[in-house]
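A quick write-up on the structure given underneath.
Residue numbers (the working numbering): 7 to 283.
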(Lines of atoms letter the chains of each structure in order from A and count residues from 1; the text may use other names and numbers.)
(Lines give C-alpha, C1' and ligand atoms only; values in the text may rest on other atoms or scores of the structure.)
Protein backbone atom coordinates (compact mmCIF):
# COMPACT_ATOMS: atom_id res chain seq x y z
CA UNK A 1 0.00 0.00 0.00
CA UNK A 2 1.30 3.42 -0.91
CA UNK A 3 0.95 5.97 1.84
CA UNK A 4 -0.61 9.18 0.67
CA UNK A 5 0.35 12.49 2.16
CA UNK A 6 -2.55 14.80 2.85
CA UNK A 7 -2.23 18.22 1.23
CA UNK A 8 -1.34 21.00 3.62
CA UNK A 9 -4.40 22.60 5.17
CA UNK A 10 -5.21 26.20 4.45
CA UNK A 11 -7.20 28.47 6.68
CA UNK A 12 -10.37 29.83 5.17
CA UNK A 13 -10.41 33.62 5.13
CA UNK A 14 -13.50 35.74 5.57
CA UNK A 15 -14.48 38.18 2.83
CA UNK A 16 -17.40 40.58 3.06
CA UNK A 17 -18.75 43.77 1.51
CA UNK A 18 -21.94 45.74 2.18
CA UNK A 19 -23.05 48.90 0.35
CA UNK A 20 -26.21 50.94 1.00
CA UNK A 21 -27.39 53.96 -1.00
CA UNK A 22 -30.16 56.33 0.07
CA UNK A 23 -31.78 58.88 -2.23
CA UNK A 24 -33.97 61.85 -1.29
CA UNK A 25 -37.31 60.84 0.16
CA UNK A 26 -39.51 61.17 3.23
CA UNK A 27 -38.16 60.64 6.75
CA UNK A 28 -34.53 61.26 5.87
CA UNK A 29 -34.32 59.32 2.62
CA UNK A 30 -35.43 56.19 0.78
CA UNK A 31 -33.48 53.03 0.05
CA UNK A 32 -32.17 52.99 -3.52
CA UNK A 33 -29.59 50.22 -3.42
CA UNK A 34 -28.45 47.54 -1.02
CA UNK A 35 -25.62 45.21 -1.96
CA UNK A 36 -24.19 42.60 0.35
CA UNK A 37 -21.67 39.84 -0.29
CA UNK A 38 -19.85 37.24 1.76
CA UNK A 39 -19.87 37.74 5.52
CA UNK A 40 -21.15 41.36 5.39
CA UNK A 41 -24.86 42.12 5.74
CA UNK A 42 -26.82 45.38 5.77
CA UNK A 43 -30.22 46.16 7.24
CA UNK A 44 -32.15 49.42 6.86
CA UNK A 45 -34.78 50.37 9.44
CA UNK A 46 -36.94 53.45 9.98
CA UNK A 47 -35.45 55.68 12.66
CA UNK A 48 -35.25 59.17 14.07
CA UNK A 49 -34.19 61.61 12.73
CA UNK A 50 -33.57 59.38 9.67
CA UNK A 51 -33.14 55.74 8.65
CA UNK A 52 -30.84 53.46 10.67
CA UNK A 53 -28.41 51.40 8.61
CA UNK A 54 -27.12 48.43 10.60
CA UNK A 55 -24.06 46.59 9.27
CA UNK A 56 -23.15 43.09 10.39
CA UNK A 57 -20.14 40.80 10.02
CA UNK A 58 -21.52 37.26 10.20
CA UNK A 59 -18.07 35.65 10.48
CA UNK A 60 -18.11 36.39 14.22
CA UNK A 61 -14.80 38.27 14.25
CA UNK A 62 -11.68 39.13 12.27
CA UNK A 63 -8.27 37.54 12.01
CA UNK A 64 -5.26 37.74 9.69
CA UNK A 65 -6.20 37.65 6.01
CA UNK A 66 -9.85 38.60 6.51
CA UNK A 67 -11.25 41.46 4.40
CA UNK A 68 -14.31 43.53 5.25
CA UNK A 69 -15.71 46.56 3.43
CA UNK A 70 -18.61 48.85 4.43
CA UNK A 71 -19.98 51.74 2.39
CA UNK A 72 -22.91 54.14 2.82
CA UNK A 73 -23.84 56.74 0.19
CA UNK A 74 -26.36 59.45 1.08
CA UNK A 75 -27.96 61.51 -1.65
CA UNK A 76 -28.66 65.25 -1.36
CA UNK A 77 -30.58 66.17 1.77
CA UNK A 78 -30.58 62.63 3.18
CA UNK A 79 -29.99 62.05 6.87
CA UNK A 80 -29.13 58.64 8.34
CA UNK A 81 -27.38 56.82 11.15
CA UNK A 82 -24.94 54.03 10.35
CA UNK A 83 -23.90 51.56 13.03
CA UNK A 84 -22.90 47.93 13.59
CA UNK A 85 -25.03 45.14 14.99
CA UNK A 86 -22.60 44.47 17.84
CA UNK A 87 -18.98 45.01 18.84
CA UNK A 88 -16.43 43.92 16.24
CA UNK A 89 -13.78 41.51 17.52
CA UNK A 90 -10.23 41.21 16.23
CA UNK A 91 -8.76 37.83 17.20
CA UNK A 92 -5.21 36.47 17.25
CA UNK A 93 -3.59 36.58 13.83
CA UNK A 94 -1.22 33.82 12.76
CA UNK A 95 -0.08 35.78 9.71
CA UNK A 96 -0.91 39.16 8.23
CA UNK A 97 -3.54 41.69 9.16
CA UNK A 98 -7.30 41.70 9.11
CA UNK A 99 -8.23 44.58 6.80
CA UNK A 100 -11.35 46.73 7.16
CA UNK A 101 -12.27 49.50 4.74
CA UNK A 102 -15.07 51.95 5.58
CA UNK A 103 -15.95 54.59 2.97
CA UNK A 104 -19.03 56.80 3.19
CA UNK A 105 -20.18 59.73 1.05
CA UNK A 106 -22.72 62.42 1.99
CA UNK A 107 -24.39 64.58 -0.65
CA UNK A 108 -25.30 68.26 -0.51
CA UNK A 109 -27.18 69.21 2.64
CA UNK A 110 -27.02 65.65 3.98
CA UNK A 111 -25.86 64.33 7.32
CA UNK A 112 -24.45 60.97 8.48
CA UNK A 113 -23.97 59.74 12.03
CA UNK A 114 -21.38 56.95 11.73
CA UNK A 115 -21.61 55.26 15.14
CA UNK A 116 -20.12 51.76 15.02
CA UNK A 117 -20.05 49.87 18.29
CA UNK A 118 -16.73 49.09 19.97
CA UNK A 119 -13.87 47.20 18.40
CA UNK A 120 -12.44 44.69 20.88
CA UNK A 121 -8.81 43.67 20.36
CA UNK A 122 -7.69 40.27 21.60
CA UNK A 123 -4.19 39.04 22.39
CA UNK A 124 -2.07 38.74 19.24
CA UNK A 125 -4.56 40.57 17.03
CA UNK A 126 -3.47 42.54 13.98
CA UNK A 127 -6.04 44.96 12.55
CA UNK A 128 -5.60 47.50 9.75
CA UNK A 129 -8.60 49.77 9.23
CA UNK A 130 -9.20 52.74 6.95
CA UNK A 131 -12.24 54.95 7.55
CA UNK A 132 -13.09 57.76 5.15
CA UNK A 133 -16.08 60.09 4.92
CA UNK A 134 -16.45 62.38 1.90
CA UNK A 135 -18.73 65.36 2.50
CA UNK A 136 -20.25 67.75 0.00
CA UNK A 137 -19.49 71.39 0.72
CA UNK A 138 -22.54 71.85 2.98
CA UNK A 139 -22.89 68.27 4.26
CA UNK A 140 -22.03 67.18 7.80
CA UNK A 141 -21.19 64.12 9.85
CA UNK A 142 -20.60 62.70 13.31
CA UNK A 143 -17.95 60.00 13.55
CA UNK A 144 -17.17 57.61 16.42
CA UNK A 145 -14.39 55.07 16.86
CA UNK A 146 -14.01 53.19 20.16
CA UNK A 147 -11.33 50.59 20.96
CA UNK A 148 -11.32 48.14 23.87
CA UNK A 149 -8.10 46.29 24.74
CA UNK A 150 -9.34 42.89 25.87
CA UNK A 151 -12.25 42.05 28.16
CA UNK A 152 -11.63 43.17 31.72
CA UNK A 153 -14.47 40.99 33.04
CA UNK A 154 -12.63 37.92 31.67
CA UNK A 155 -9.32 38.97 33.23
CA UNK A 156 -7.70 39.54 29.85
CA UNK A 157 -4.52 41.62 29.72
CA UNK A 158 -2.93 42.22 26.33
CA UNK A 159 0.81 41.95 25.78
CA UNK A 160 0.95 41.74 21.98
CA UNK A 161 -1.24 43.69 19.58
CA UNK A 162 -0.98 45.67 16.33
CA UNK A 163 -3.55 48.29 15.32
CA UNK A 164 -3.31 50.61 12.34
CA UNK A 165 -6.43 52.76 12.35
CA UNK A 166 -6.68 55.74 10.01
CA UNK A 167 -9.64 58.14 9.88
CA UNK A 168 -10.15 60.81 7.23
CA UNK A 169 -12.95 63.30 6.67
CA UNK A 170 -12.95 65.43 3.52
CA UNK A 171 -15.28 68.33 2.74
CA UNK A 172 -15.57 69.32 -0.93
CA UNK A 173 -12.42 67.30 -1.59
CA UNK A 174 -10.34 69.01 1.09
CA UNK A 175 -9.21 67.25 4.28
CA UNK A 176 -10.73 68.57 7.50
CA UNK A 177 -9.71 65.65 9.77
CA UNK A 178 -6.86 63.19 9.23
CA UNK A 179 -5.91 60.84 12.08
CA UNK A 180 -3.41 58.03 11.54
CA UNK A 181 -3.09 55.82 14.64
CA UNK A 182 -0.47 53.08 14.93
CA UNK A 183 -0.67 51.17 18.19
CA UNK A 184 1.89 48.44 18.82
CA UNK A 185 2.74 46.18 21.74
CA UNK A 186 5.16 48.69 23.25
CA UNK A 187 2.35 51.23 23.66
CA UNK A 188 0.51 48.93 26.07
CA UNK A 189 3.07 49.62 28.81
CA UNK A 190 4.45 53.00 27.70
CA UNK A 191 2.87 54.88 30.62
CA UNK A 192 1.40 58.39 30.77
CA UNK A 193 2.79 59.46 27.40
CA UNK A 194 0.43 57.09 25.56
CA UNK A 195 -2.28 54.97 27.23
CA UNK A 196 -1.45 55.49 30.90
CA UNK A 197 -2.81 51.99 31.69
CA UNK A 198 -6.14 52.70 29.97
CA UNK A 199 -7.89 49.63 28.56
CA UNK A 200 -10.30 51.55 26.33
CA UNK A 201 -10.24 54.77 24.33
CA UNK A 202 -12.41 56.58 21.80
CA UNK A 203 -12.64 59.55 19.46
CA UNK A 204 -15.81 61.44 18.61
CA UNK A 205 -15.62 63.98 15.80
CA UNK A 206 -18.39 66.21 14.51
CA UNK A 207 -17.91 68.19 11.32
CA UNK A 208 -20.72 70.65 10.69
CA UNK A 209 -21.32 74.38 10.70
CA UNK A 210 -21.42 75.61 14.28
CA UNK A 211 -20.46 72.29 15.83
CA UNK A 212 -17.90 74.07 18.01
CA UNK A 213 -20.81 75.74 19.80
CA UNK A 214 -21.42 72.44 21.64
CA UNK A 215 -18.05 72.63 23.39
CA UNK A 216 -19.55 73.96 26.65
CA UNK A 217 -22.21 71.24 27.13
CA UNK A 218 -19.74 68.57 26.03
CA UNK A 219 -17.06 69.59 28.52
CA UNK A 220 -19.66 69.79 31.29
CA UNK A 221 -20.63 66.17 30.54
CA UNK A 222 -17.05 64.82 30.71
CA UNK A 223 -17.41 63.59 34.29
CA UNK A 224 -18.21 59.89 33.96
CA UNK A 225 -16.42 57.98 36.78
CA UNK A 226 -13.46 56.01 35.44
CA UNK A 227 -13.18 58.07 32.25
CA UNK A 228 -10.86 60.94 31.39
CA UNK A 229 -11.46 63.13 28.38
CA UNK A 230 -11.02 66.41 26.63
CA UNK A 231 -12.70 68.33 23.85
CA UNK A 232 -11.70 71.03 21.39
CA UNK A 233 -13.71 72.88 18.78
CA UNK A 234 -13.01 75.41 16.03
CA UNK A 235 -13.92 76.23 12.43
CA UNK A 236 -16.92 73.91 12.16
CA UNK A 237 -15.25 70.96 13.87
CA UNK A 238 -15.58 69.41 17.34
CA UNK A 239 -13.24 66.62 18.48
CA UNK A 240 -13.55 64.66 21.74
CA UNK A 241 -10.94 62.23 23.12
CA UNK A 242 -11.77 59.68 25.80
CA UNK A 243 -9.75 57.13 27.82
CA UNK A 244 -11.04 54.66 30.40
CA UNK A 245 -9.99 51.75 32.56
CA UNK A 246 -12.69 49.55 31.03
CA UNK A 247 -15.06 49.44 28.08
CA UNK A 248 -18.32 49.86 30.01
CA UNK A 249 -17.55 53.25 31.64
CA UNK A 250 -16.33 54.42 28.24
CA UNK A 251 -19.60 53.33 26.65
CA UNK A 252 -21.65 55.17 29.28
CA UNK A 253 -19.67 58.36 28.64
CA UNK A 254 -20.10 58.01 24.88
CA UNK A 255 -23.87 57.53 25.21
CA UNK A 256 -24.17 60.68 27.33
CA UNK A 257 -22.23 62.67 24.74
CA UNK A 258 -24.32 61.33 21.87
CA UNK A 259 -27.46 62.63 23.57
CA UNK A 260 -25.86 66.10 23.43
CA UNK A 261 -24.50 65.89 19.90
CA UNK A 262 -27.45 64.42 18.00
CA UNK A 263 -31.25 64.62 18.14
CA UNK A 264 -33.43 61.61 18.82
CA UNK A 265 -32.73 58.35 20.64
CA UNK A 266 -29.64 56.20 20.32
CA UNK A 267 -29.66 53.55 17.59
CA UNK A 268 -31.81 50.60 18.63
CA UNK A 269 -28.91 48.13 18.62
CA UNK A 270 -27.08 50.39 21.07
CA UNK A 271 -30.09 50.31 23.39
CA UNK A 272 -30.22 46.51 23.24
CA UNK A 273 -26.55 46.31 24.23
CA UNK A 274 -27.20 48.77 27.08
CA UNK A 275 -29.95 46.50 28.48
CA UNK A 276 -27.67 43.45 28.26
CA UNK A 277 -25.02 45.21 30.31
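For every residue, glycine included, the Cβ atom is placed at its ideal position computed from N, Cα and C. Keep in mind that this is a model prediction, so the values were computed, not measured.
The C-beta of residue 188 has fewer than 16 other C-beta atoms within 10 Å across all chains shown, which makes the residue exposed. Distance between residue 242 and residue 100, taken at the CA atoms: about 43 Å.
Taking the Cα of residue 155 as reference, the smallest distance to any Cα among 37, 59, 42 and 249 is reached at 249. The beta-bridge partner set that DSSP reports for residue 181 consists of 176.
Following the DSSP letters along the chain, one finds residue 259 inside the alpha helix (DSSP H) bounded by residues 253-267.
Residue 31 is not a Cβ neighbour of residue 45, given a cutoff of 8 Å. If you ignore the 5 residues before and after residue 52, its C-beta comes within less than 8 Å of the C-beta of 33 and 58, all in its own chain and listed in chain order.
The three-state secondary structure of residue 195, taken from DSSP, is helix. Take the alpha-carbon of residue 221 and the one of residue 24: they are about 34 Å apart. Residue 117 counts as buried, since at least 16 other C-beta atoms from the protein chains shown sit within 10 angstroms of its C-beta. The beta carbons of residue 266 and residue 213 sit no closer together than 8 Å. Distance from residue 152 to residue 208 at the Cβ level is roughly 4 Å; contact confirmed, criterion being Cβ atoms closer than 8 Å.
Judged by pairs of C-beta atoms under 8 Å, the segment 234-241 does not touch the segment 166-173, as fewer than three such pairs exist.
A check of alpha carbon separations from residue 80 across 162, 50 and 225 identifies 50 as the nearest. DSSP places residue 32 in the helix class (H, G or I) of the three-state scheme. Our two residues, residue 77 and residue 210, have alpha carbons roughly 19 Å apart in a direct line. Comparing alpha carbon positions, the residue from 18, 41, 19 and 142 closest to residue 27 is 41.
Taking the CA atoms as reference points, residue 163 sits about 18 Å from residue 255. In this structure, residue 144 keeps its C-beta atom at 8 Å or more from the C-beta atom of residue 179. Within a 10 Å sphere around the beta-carbon of residue 72 sit 16 or more other beta-carbons, which makes this residue buried. Within the DSSP secondary-structure output, residue 186 pairs in a beta bridge with 172.
Unbroken beta strand (DSSP E) runs of no fewer than 3 residues, entirely contained in the segment 216-246, are found at 233-240, following chain order. Nearest neighbour of residue 95 by Cα position, chosen from 167, 55 and 86, turns out to be 167.
Nearest Cα to residue 119 within the set 227, 47 and 150: 150. Residue 49: member of the beta strand (DSSP E) spanning 46-51, first to last residue. As DSSP reads the structure, residue 119 sits in a beta bridge with 87 and 148.
For residue 72, no beta strand (DSSP E) run applies, since DSSP gives it neither H nor E.
For the options 194, 201, 142 and 67, the alpha carbon positioned closest to that of residue 97 is the one of 67.
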